[in-house]
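Each remark here refers to the structure printed beneath this line.
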Amino acid sequence: MHSDVTIIGGGPAGLATALSLESAGLSVTVLERAPQAALAEPAFDGREIALTHHSVSVLRNAGAWARIPPVGISPLREARVETGRHNHPLTFDTNGQGVEALGYLVSNHMIRQALYEEAMTRPGIVIRAGVATRRVRDEGESVTVLAEGGDVTSRLAIAADGRFSEIRRLQGIGAIVHDFHRAMLVCRMAHESPHHHVALQWFDDGQTVALLPVNGGASSLVLTLPPDQIEALRTMERERFNANIMARVGNRLGAMRLVSTRHVYPLRAVYAHRFTARRFALIGDAAVGMHPITAHGFNLGLKGQDVLAQEIAAGMARDGDPGSAAVLRRFSMRHRLTTAPLFAATNGIATLYTRDESPFRYLRRAGLRAADSLAPFKAAVTNMLIDREKTA
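The opening position of the sequence shown corresponds to residue 1 in UniProt numbering, with each subsequent residue numbered one higher.
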């Protein structure tokens, strides 16, 4: 097979990239290990994605946003950050911002399905599911992706196969891996008290809790603990689990009950040493896998593919080559400038706000109180959360 670009990985980052490049007139082949059924009807995986306005714009321009049912889109009107119990919170809202919401919460599986459905309508995109990729071979003026069922030759190969990318390793690109030695349990909990579309990030002693408001009188629970404690909660009988979670969140939402499957993810942040090689690029979590504490990971993935698509379009206008050294150099520089400070800051925040020694608890309380009184700081963070860049 031949195509202009080959993308390894059919998750949200890979499919969004395929749509962006196809819209620019390129032919794209997507290789995905999962079977076709898993792409067409992805299962609920517990993850609720806090989309910025820029990300919504990217999805809208790709044709995917209109495919997400309105009931699956929950506006995020306020965000609260708390530490310990009965301490001063740090709050962010939309007052004076001219928008109805800081962002929008959408289930990851809904975004994946919408992107796949749109990709299947595009004549320039071929999706090969149930295909394992063996490696990428450099041919000089092209690359060949060696895959089950037939190799693909193109001018550029893109790896979008996740933060533990095997293709990245096979290309000889290392990565910084920050293991937080914690695991994250995610699920949906129905509750009797309304959430008013307010998200909570709570750094309690010995645990980190996030409650993300979704439609239907429920919230997405994101609980971070040592792996052995998370595993015990994952397998706990439902009534005991409900009681345990209510106690952990201080009964702030009244009676709560589990209404979904439970899912567990290890907490490791990843930052690739390089984003490119000759006629090869990394996007999504394969390039930068963020700690979820600041909700930047998915949005950075969409922003990264947007930058790559822009540089490829510019390269095509210059010399008709989507995988030239100039294209990849410009993409790498822009994406690193965007992601490196956020990666370092997020890891620092995660460390400060998950350590339970007395100095860290004191710094958390003092820091939140000071930050909440600094209007310029709150305005800057609010603008970053909203991210109205290129909003349609």
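In this text, a Cβ means the ideal position worked out from N, Cα and C, and glycines have one as well. Source: prediction; values computed, not measured.
Identity of the residue in the options nearest residue i by Cα
i, options, result
"Gly174", "His54, Asp321, Ala287 and Ile349", "Ala287"
"Thr294", "Arg168, Ala40, Ala114 and Ile349", "Ile349"
"His54", "Ala101, Arg268, Ser142 and Asn215", "Ala101"
"Arg110", "Asn244, Thr235, Pro35 and Ser74", "Reading the sequence as shown, one finds Met at residue 110 and not Arg. Of the listed residues, the one whose Cα sits closest to Met110 is Ser74."
"Leu223", "Tyr271, Asn87 and Leu211", "Leu211"
"Pro226", "Tyr265, Arg252 and Ile245", "Tyr265"
"Gly150", "Arg137, Val143, Val131 and Arg163", "Val131"
"Val249", "Arg238, Leu26, Leu221 and Arg135", "Leu221"
"Leu363", "Glu82, Leu39 and Met256", "Glu82"
"Ala183", "Glu118, Glu41, Arg268 and Pro70", "Arg268"
"Arg279", "Ala16, Glu22, Val143 and Gly63", "Val143"
"Met1", "Leu185, Val152 and Phe275", "Val152"
"His178", "Val56, Met290 and Ala62", "Met290"
"Pro69", "Gln113, Arg80 and Val58", "Gln113"
"Gly216", "Gln229, Ala190 and Glu239", "Ala190"
"Asn383", "His273, Ala159, Val99 and Trp202", "Val99"
"Thr235", "Gln36, Thr351, Gln201 and Val186", "Val186"
"Leu328", "Asn251, Gln36 and Gly304", "Gly304"
"Ile125", "Glu22, Glu148 and Gly11", "Glu22"
"Gln201", "Ala326, Arg80, Arg67 and Leu59", "Arg80"
"Asp45", "Ser260, Glu139 and Ala119", "Ser260"
Through-space distance from residue j to residue i, alpha-carbon basis
i, j, result
"Thr391", "Ala24", "Annotation note: pLDDT 36 at Thr391 (below 50); position unreliable, no value reported."
"Thr121", "Ile127", "11 angstroms"
"Ala18", "Gly84", "44 angstroms"
"Val5", "Leu342", "29 angstroms"
"Gly162", "Ser20", "19 angstroms"
"Ala157", "Ile283", "11 angstroms"
"Ala64", "Arg47", "18 angstroms"
"Gly254", "Ser193", "6 angstroms"
"Ser27", "Thr276", "21 angstroms"
"His88", "Arg262", "31 angstroms"
"Leu51", "Tyr104", "5 angstroms"
"Ser358", "Met256", "32 angstroms"
"Glu231", "Ser219", "21 angstroms"
"Thr133", "Leu146", "6 angstroms"
"Pro123", "Leu300", "27 angstroms"
"Glu148", "Leu115", "24 angstroms"
Burial state of residue i (16 or more Cβ within 10 Å)
i, result
"Ile7", "buried"
"Met316", "buried"
"Leu170", "exposed"
"Pro292", "buried"
"Val214", "buried"
"Leu302", "buried"
"Gly14", "buried"
"Arg168", "buried"
"Arg155", "buried"
"Leu39", "buried"
"Ala281", "buried"
"Ile245", "buried"
"Asp228", "exposed"
"His273", "exposed"
"Ala340", "exposed"
Own chain partners of residue i with C-beta closer than 8 angstroms, once the 5 adjacent residues on each side are dropped
i, result
"Val307", "Phe331, Arg334, His335 and Thr338"
"Glu78", "Thr91, Phe92, Asp93, Thr94, Leu102, His196, His197, Val198 and Ala199"
Own chain residues within Cβ distance below 7 angstroms of residue i, not counting five before or after
i, result
"Ala43", "His109"
"Gly72", "Val106, Ser107 and Met110"
"Phe241", "Leu233 and Leu258"
"Gly323", "Arg155, Leu156 and Arg279"
6 angstroms Cβ shell around residue i - same chain, five flanking residues per side excluded
i, result
"Arg388", "His53"
"Ala298", "First, the residue type needs correcting, since residue 298 is Phe and not Ala in the sequence shown. If we look at Phe298 and ignore the five residues flanking it on each side, its Cβ neighbours are Ile49."
Cβ of residue i within 8 angstroms of any chain B Cβ
i, result
"Asp138", "Absence of chain B from the displayed structure is noted, only one protein chain being present."
How do the stretch 30-44 and the stretch 83-94 stand: do at least 3 beta-carbon pairs fall below 8 angstroms, yes or no?
no
Any contact of the stretch 307-314 with the stretch 193-206, i.e. 3+ C-beta pairs under 8 angstroms?
no
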